[in-house]
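A.B. asks: The opening residue of the sequence shown carries number 1154 in this note's numbering; numbering runs sequentially from there.
Cβ atoms here follow ideal geometry from the backbone N, Cα and C, with glycine treated the same way.
Sharing a structure, written as C-alpha cells. Questions coming.
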Amino acid sequence: MEGGLEGALVVAAAFCIQILVFGTSQSIGMFYIQWQRYFSRWGAAVSLVGSINLGVFLGAGMYWLLLLLISSKAWKVK
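Here it is, written out as C-alpha cells:
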C-alpha cells in the first residue's frame, strides 16, 4: 500500500470526518418537528436551518480549494 501506515490513517480520518459531516447534514430532518414546536415557527423558517447548514458545508469547499492552491504554491521548491 502506497503511503504506509500514515497514508492509511489519513484515509481513515478523512472517512470519519465525511461520515460525521454528511451524517449531520442528512439527518437534520429528524429534528424538524421538534424545532418547529420549540421555536413556534412555521415550516419554511425551520427548514432554513438545514439549508444553511448544507450550504455552508458545500460552499466552504471553494474556500478550502483556494487555500490549498495558495499553500501548494508557497511550498514549492525551485
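#1: Quick one: give me the first and last residue of the alpha helix (DSSP H) that S1178 is part of.
#2: Whole angstroms are fine: how far does the CA of V1202 sit from the CA of G1214?
#3: Does V1209 pass the burial test, meaning 16 or more other C-beta atoms within 10 Å, or should it be called exposed?
#4: I need the straight-line Cα distance from E1155 to V1163, nearest angstrom please.
#5: Would DSSP call S1193 helix, strand or coil?
#6: Using a Cβ-Cβ cut-off of 8 Å, state whether G1182 counts as contacting chain E.
#7: Going by beta carbon distance, what residues of the same chain come within less than 6 Å of A1167, once the five residues before and after it are set aside?
#8: On the criterion of 16 or more Cβ atoms from any shown chain inside 10 Å, does S1174 qualify as buried, or is it exposed?
C.D. replies: Walking through what the data contain:
#1: For the purposes of this step, residue 1178 is taken as residue 25 along the sequence shown, with counting starting at 1. Per DSSP, S1178 belongs to the alpha helix (DSSP H) from 1157–1179.
#2: Counting from one through the sequence shown, the residue named residue 1214 turns up at place 61. Counting from one through the sequence shown, the residue named residue 1202 turns up at place 49. Distance between the alpha carbons of G1214 and V1202 is about 19 Å.
#3: For the purposes of this step, residue 1209 is identified with residue 56 of the sequence shown, where counting begins at 1. Under this definition V1209 is an exposed residue.
#4: Numbered from 1 along the sequence shown, position 2 holds the residue referred to as residue 1155. Numbered from 1 along the sequence shown, position 10 holds the residue referred to as residue 1163. Between E1155 and V1163, the C-alpha separation is close to 12 Å.
#5: The count along the sequence shown starts at 1 and reaches residue 1193 at position 40. Reduced to three states, the DSSP call for S1193 is coil.
#6: Here there is only one protein chain, and chain E is not present.
#7: For this step, residue 1167 is matched to residue 14 along the sequence shown. Sequence-distant partners of A1167 (beyond 5 residues in either direction) whose C-beta falls short of 6 Å from its own C-beta are missing from its chain.
#8: For the purposes of this step, residue 1174 is taken as the residue at position 21 of the sequence shown. Residue 1174 is actually Val in this sequence, not Ser. V1174 is exposed by the Cβ-count criterion.
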